[in-house]
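Since the structure comes first, as structure tokens, the remarks are kept for the end.
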Amino acid sequence: MSGGTAAGPLRVVVADDQELVRAGFAMILDAQPDIEVVAEAADGAEAIAAVRAHAPDVALLDIRMPGMDGLTATAEICAGTATRVIILTTFDLDAYVFEALRAGASGFLLKDVRRDDLAHAVRVVAGGDSLLSPSVTSKLIAHCTSAPAGAPLLPDPRLDSLTSRETETLRLLARGFTNPEIAATMVISEHTVKTHVSNILAKLGLRDRIQAVITAYEAGLAVPGRRDPVNSVAGASSPGSVRAAPATPLRGTPGGAEGR
Numbered sequence: 031m032s033g034g035t036a037a038g039p040l041r042v043v044v045a046d047d048q049e050l051v052r053a054g055f056a057m058i059l060d061a062q063p064d065i066e067v068v069a070e071a072a073d074g075a076e077a078i079a080a081v082r083a084h085a086p087d088v089a090l091l092d093i094r095m096p097g098m099d100g101l102t103a104t105a106e107i108c109a110g111t112a113t114r115v116i117i118l119t120t121f122d123l124d125a126y127v128f129e130a131l132r133a134g135a136s137g138f139l140l141k142d143v144r145r146d147d148l149a150h151a152v153r154v155v156a157g158g159d160s161l162l163s164p165s166v167t168s169k170l171i172a173h174c175t176s177a178p179a180g181a182p183l184l185p186d187p188r189l190d191s192l193t194s195r196e197t198e199t200l201r202l203l204a205r206g207f208t209n210p211e212i213a214a215t216m217v218i219s220e221h222t223v224k225t226h227v228s229n230i231l232a233k234l235g236l237r238d239r240i241q242a243v244i245t246a247y248e249a250g251l252a253v254p255g256r257r258d259p260v261n262s263v264a265g266a267s268s269p270g271s272v273r274a275a276p277a278t279p280l281r282g283t284p285g286g287a288e289g290r
């Protein structure tokens, strides 16, 4: 997405309990010709109220705020609105990273993000893609696969609703394959791959590929380290994968530039 919508600039709510930090992010975003900060908030409750009042495209939330924190606000915003959430955190080891992704956050940024990457992240997420820094991506996979040896997996009955081809698509998706790679592996068209991904997200009730990856690993559908040598999760460079970049889009999510 190059910026803005047919109806005007991208609308953003910025929430952080530190006024100077909040104002700084708002100033950077407001300086972009295709982005408008419609409200600022000092905690999660104010962020939810601002989202309900202004229906922004993106909410930029600090994960640690007094009163209602960013995690609780993320869950409520993602459950009740179409606004997509980017979480701001000081440390990529933040204990709430995984829980916020489960709650529906579309990505994470460290607070020392460069101004250009901040604006880029808003555009990426507003366009329907998901975004993680490479360090958070690796920790997410590690978290999904950190159960002690012999520990039972978490079978997900929702997976029973998938066809065999959709199941295979999900397995490859979780292993870092791009849409073109999935198409080549399964000997199908990229359009069919996008259709499979759309069906997977709809049947499992997921917002984007991040949640699909989590679901696949938790259910044992994907196994860490199992990856054909087409490319690696960390080193993939084409749309549809986790790419090593300051702000890493996971392409192919609903409404994204690549479609599904």
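Each residue of the sequence shown is one higher than the last, beginning at 31 in this note's numbering. Cβ coordinates follow ideal geometry from the N, Cα and C atoms, glycine included.
{"query": "Alpha-carbon spacing of A72 relative to Q48, whole angstroms", "result": "7 Å"}
{"query": "Candidates G74, I244 and L148: closest to L200 by CA position", "result": "I244"}
{"query": "Same chain, Cβ closer than 7 Å to L50, neighbours up to 5 away in sequence not counted", "result": "none"}
{"query": "Buried/exposed call for A79, threshold 16 Cβ in 10 Å", "result": "exposed"}
{"query": "Runs of beta strand (DSSP E) wholly within the segment 108 to 138 (minimum 3 residues, chain order)", "result": "114 to 119"}
{"query": "Segment contact flag, the segment 75 to 92 with the segment 109 to 122, C-beta cutoff 8 Å, min 3 pairs", "result": "yes"}
{"query": "Proximity to A21 [Cα-Cα], best of R205, A56, D99 and L161", "result": "Past the edges of the chain, shown from 31 to 290, lies residue 21, and the structure says nothing about it."}
{"query": "Cβ neighbour criterion (16 or more within 10 Å) applied to V217", "result": "exposed"}
{"query": "Contacting residues, own chain, Cβ-Cβ under 7 Å from D155 (five flanking each side not counted)", "result": "One point to set straight first is that residue 155 is Val, not Asp, in the sequence displayed. These residues qualify, in order along the chain: V88, R114, I116, S136, G137 and L161."}
{"query": "Residue interval of the alpha helix (DSSP H) (run including V227)", "result": "E220 to L234"}
{"query": "Reduced DSSP secondary structure (H/G/I, E/B, other) of G206", "result": "coil"}
{"query": "Sub-8 Å separation of L234 and R195 beta-carbons", "result": "no"}
{"query": "Residues near A133 in its chain [Cβ-Cβ closer than 7 Å; skip 5 each side]", "result": "L101, T104, A105 and C108"}
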